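Remarks on the structure that follows.
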Amino acid sequence: MRNSTNNITLPSGMFKNILIKPRGMASAVIVDERALNHLIQAQALLPSNIQLVLTRAFQRESFFLKVARGGGAVLFGIIFPNRKGEILDIFGHNGHATDGRHLDVGVINCNSDIKLLPFGVFTPLKKIKELFESNKFVLNNVFDALEKSKFSIHKNYTECMQIHCDFID
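By the working numbering, the letter at position 139 of the sequence shown is numbered 122, and the numbering carries on one by one without gaps.
Structure below.
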């Protein structure tokens, strides 16, 4: 289904070799058509054992979402006082409320979901780095394919492990 901003709404399932698996309570992912086409190009660059999973793109900013982000930011600052500089990167909308060109992507390797943030954004930095190291080969393949397909990967460790990427046209 199309809306007026070149976004398309995709329900759960496969769409042109991309697995669509909306995050949370969402029933669909709203994504910019050109960004999706470039994500399909990235998938084509990957070996057959690696599957990209589109989990989030455009997300309307709601009152509930603002409250949840605010509460999450406060809790994050309490749990990780030495990571307060990351709060805006993690709890800001990062373009998701702007358009469908800002994507969160998951990865399946050899038919197994790679759990990159087992505790969501509250995964300790040490654990994030361990998970990156143990999945380095697959992740480097994914990052390389995305970058070759006009995506920029977020530099924050947590956002990077959510594979938050921005379509650069």
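Each residue gets a CB set at the ideal place from its N, CA and C atoms; glycine is no exception. Remember, it's a predicted structure, so these values are computed and weren't measured experimentally.
- An exposed status is given to Gly(-4), since fewer than 16 other beta-carbon atoms sit within 10 Å of its beta-carbon.
- Closest by C-alpha distance to Leu86, out of Lys138, Gly55, Asn77, Val104, is Asn77.
- DSSP places Ile23 within a helical segment (H, G or I) once states are collapsed to three.
- By DSSP's assignment, Cys148 forms a beta bridge with Leu86, Ile136.
- Burial is judged here by how many other beta carbons sit within 10 angstroms of a residue's own beta carbon; Asn(-10) has at least 16 and is buried.
- Looking at Asn139, Pro30, Ala80, Asp15, the one whose alpha-carbon comes closest to that of Cys93 is Pro30.
- In the structure shown, the three-state DSSP call for Ser117 is helix.
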